[in-house]
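Q: Following this message is one structure expressed as structure tokens.
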Amino acid sequence: CRLYLQVELLSDICTGDGKALLPTVLDSPTPLQHRDEYDWPPQPKPNAHSWRMWKDALLRLFLPPQTRNHNLHKPLGAWLHIPPEWPWFYDPPSHQLFRKTGNLWRAYVPSTHSRRRRQHHTGFVDAACDLSDLPSTALPTATTSKRSLVFPSGVATMRQPKVPDLQPWWGKVVASPEDLAALIKGIEDGTAVCVTDGSLKDSLGTAAYIFLPSLNSEDAFSCVNQTPGGAQDMDSYRSELGGIYGCIATGNLLAKSFRIRNGKLVLACDCLSAIKNILKKKPPSPKDPSYDLVSAIRFLLLQSPLQWTFRHVKGHQDKHAQYSQLDRWSQLNVDMDTLAKAYWQIIAPTAPNAFFLPPEPGQWSIWFGDQRLSKWTTATASALVHNPALIQYWHKRLKTAHT
């Protein structure tokens with residue numbers, strides 16, 4: 009029935025104000041053509057038994073028990089998104105109805121013979137006038153028709169769009185089991201492990217990391233990321249830090265999502281200096297390399313509900329021994345090195361734009377314009393303050409001669 013009617017969402021079969029089901033959906037169903045942006049598969053008209061099941065499902069799911077009208081037990085509220093090919097709009101200021109016809113909008117005006125005065129009972133007739141642009145104040149509606157009259161079914165407001173929740177830079181999932189039950193139990197039981205490794209080439213850094221319920225498990229949950237920062241910030245050490253950040257951020261997200269309060273994780277990588285700098289009792293100095301990432305990682309650990317143990321694994325052991333002869337920690341390190349390099353091969357041809365570590369509440373960060381600095385040194389300050397463009401600006405502003 010849904011395919012025959014060509015509907016996707018509940019709003020497709022509701023009145024324009026989102027308060028009731030369209031009567032035609034229950035009484036004399038015909039394709040609505042509200043979602044013409046899709047190439048719908050051919051669907052013969054369902055038989056009477058299918059329609060009874062369809063009607064019974066709608067009544068049970070969306071209408072109050074023993075109701076005598078089509079009002080929803082919970083109105084839809086404001087529109088979140090307007091389907092691109094929605095056919096009917098009503099414009100309250102001009103009191104006109106508009107129908108999409110190709111790239112134009114056909115105008116409909118209130119019928120002078122209509123005796124009903126309420127907005128959603130007013131009949132509209134074709135004004136034989138096409139507009140190239142829909143009025144900005146027009147709102148989507150659904151209609152019914154009788155003879156030459158068209159009746160809008162009310163309108164709802166538009167919810168103001170919010171900034172979308174962007175995918176976090178630190179974790180793009182590339183492999184996951186059907187469910188995370190085993191991994192969650194492993195974190196709770198303290199058997200779970202994660203291993204990460206980074207890669208760098210041509211000032212582009214990447215990292216990969218894997219979570220497992222236990223060291224010898226095969227239920228891999230793997231992610232990759234691109235290292236934040238400008239070309240001048242990039243080195244192998246920073247790529248390793250990007251992987252460590254991804255591990256801890258992902259672990260914290262899992263703990264929050266599944267309400268893990270006493271979990272444990274072992275994090276392994278082949279960058280001993282990164283582990284030492286992260287675990288130092290003394291706070292990092294802004295002069296330290298990749299100060300932004302080191303301080304951000306320490307902040308993640310401080311906020312984490314999990315207990316983290318770090319383990320150093322010697323890197324690139326596959327160059328000196330066969331993969332099958334390596335222990336499990338070393339094999340996982342080789343796997344992540346391979347995955348990080350593979351991700352680099354995927355994104356490098358598109359020349360991805362550099363991005364900077366986003367600010368977090370409660371963290372110190374150093375910015376120059378829209379760029380977050382990875383560290384702060386005298387050389388950095390001199391380069392920023394005494395750059396040629398800035399010097400030329402002040403010479404022009406103060407009308408002084410160049411020296």
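Throughout the sequence shown, residue numbering follows my numbering, covering 9 to 411 in sequence. All residues carry an ideal CB built from backbone N, CA and C; glycine is no exception. Note that the structure is a prediction, hence the values are computed from the model and not measured.
(1) Ignore the nearest five residues each way along the sequence and tell me which others in Lys108's own chain have a CB closer than 6 Å to its CB.
(2) Cα separation between Pro39 and Trp178?
(3) Does DSSP put Leu86 in a helix, a strand or coil?
(4) Thinking C-beta only, is Ser222 closer than 8 Å to Gly194?
(5) Going by DSSP in three states, Cys202 sits in which element: helix, strand or coil?
(6) Which residue comes first and which comes last in the alpha helix (DSSP H) that contains Lys327?
(7) Kindly provide the ranges of any alpha helix (DSSP H) runs that are 4 or more residues long and lie completely inside the segment 307-390, ordered along the chain.
(8) What are the complete beta strand (DSSP E) segments, minimum 3 residues, inside the segment 238-309?
(9) Closest to Lys383 by CA distance: which of Lys407, Gly238 and Cys255 is it?
(10) Within 10 angstroms of the Cβ of Arg123, are there 16 or more other Cβ atoms? Answer buried if so, exposed if not.
(11) In three-state DSSP terms, what is Ala136?
(12) Tell whether a beta-carbon distance below 8 Å holds between Tyr331 and Ala216.
(13) Measure the alpha-carbon distance for Leu139 versus Pro160 and round it to whole angstroms.
(14) Which value, in whole angstroms, describes the spacing of the CA atoms of Leu308 and Ile256?
(15) Between which two residues does the alpha helix (DSSP H) containing Lys63 stretch?
(16) Consult DSSP for Leu18 and reduce its assignment to one of helix, strand or coil.
(17) Per DSSP, Asp99 forms a beta bridge with which residues?
(18) Smallest Cα separation from Ala135: which of Arg336, Asn341, Lys290 and His103?
(19) Alpha carbon to alpha carbon, what distance is there between Gly26 and Ala164?
(20) Specify, as a first and last residue, the run of the beta strand (DSSP E) that Tyr12 falls within.
(21) Note the first and the last residue of the continuous beta strand (DSSP E) segment covering Ala228.
(22) For Pro360, count neighbouring C-beta atoms within 10 Å of its own C-beta (all shown protein chains included) and say buried if the count is 16 or more, exposed if not.
(23) Of all Cβ atoms in chain C, is any one closer than 8 Å to the Cβ of Ser298?
(24) Count the other CB atoms, across all protein chains shown, that sit within 10 Å of the CB of Trp372; report buried if there are 16 or more and exposed otherwise.
(25) On the premise that Thr214 lies in contact with Gln234, defined as a C-beta separation below 8 Å, what is that separation, rounded to the nearest angstrom?
(26) Three or more C-beta pairs closer than 8 Å, one from the segment 321-338 and one from the segment 297-308: is that the case here?
(27) Excluding sequence positions up to five away, which residues of its chain have a Cβ less than 8 Å from the Cβ of Leu174?
(28) Between Ile354, Pro101 and Leu29, which lies nearest to Leu147 when the distance is taken from Cα to Cα?
(29) Alpha carbon to alpha carbon, how far is Gly85 from Leu18?
A: Working from what's here:
(1) Pro95
(2) Distance between the alpha carbons of Pro39 and Trp178 is about 45 Å.
(3) Reading off the sequence shown, one finds Ala at residue 86, where the question assumed Leu. Coil.
(4) yes
(5) strand
(6) Here Lys327 belongs to no alpha helix (DSSP H), and DSSP marks it neither H nor E.
(7) 336-355
(8) Whole beta strand (DSSP E) segments, 3+ residues: 272-277.
(9) Gly238
(10) Low confidence applies here, because Arg123 scores a pLDDT of 48, under 50, leaving its location unreliable; read the following figure in that light. Exposed.
(11) strand
(12) no
(13) Their Cα atoms are separated by approximately 19 Å.
(14) 7 Å
(15) Ala56 to Phe70
(16) Helix at Leu18.
(17) Gln104
(18) His103
(19) 7 Å
(20) Here Tyr12 belongs to no beta strand (DSSP E); instead the alpha helix (DSSP H) covers Arg10 to Leu13.
(21) Note, Ala228: premise wrong, no beta strand (DSSP E); not H, not E.
(22) exposed
(23) Here chain C cannot be found, since the structure has a single protein chain.
(24) Here Trp372 is exposed: its Cβ has fewer than 16 other Cβ atoms, across all protein chains shown, within 10 Å.
(25) 6 Å
(26) no
(27) Any reading at Leu174 must be qualified, since the residue scores a pLDDT of 41, below 50, and its modelled position is unreliable; the value itself is stated next. There are no such residues.
(28) It is Pro101 whose Cα lies nearest to the Cα of Leu147.
(29) 12 Å
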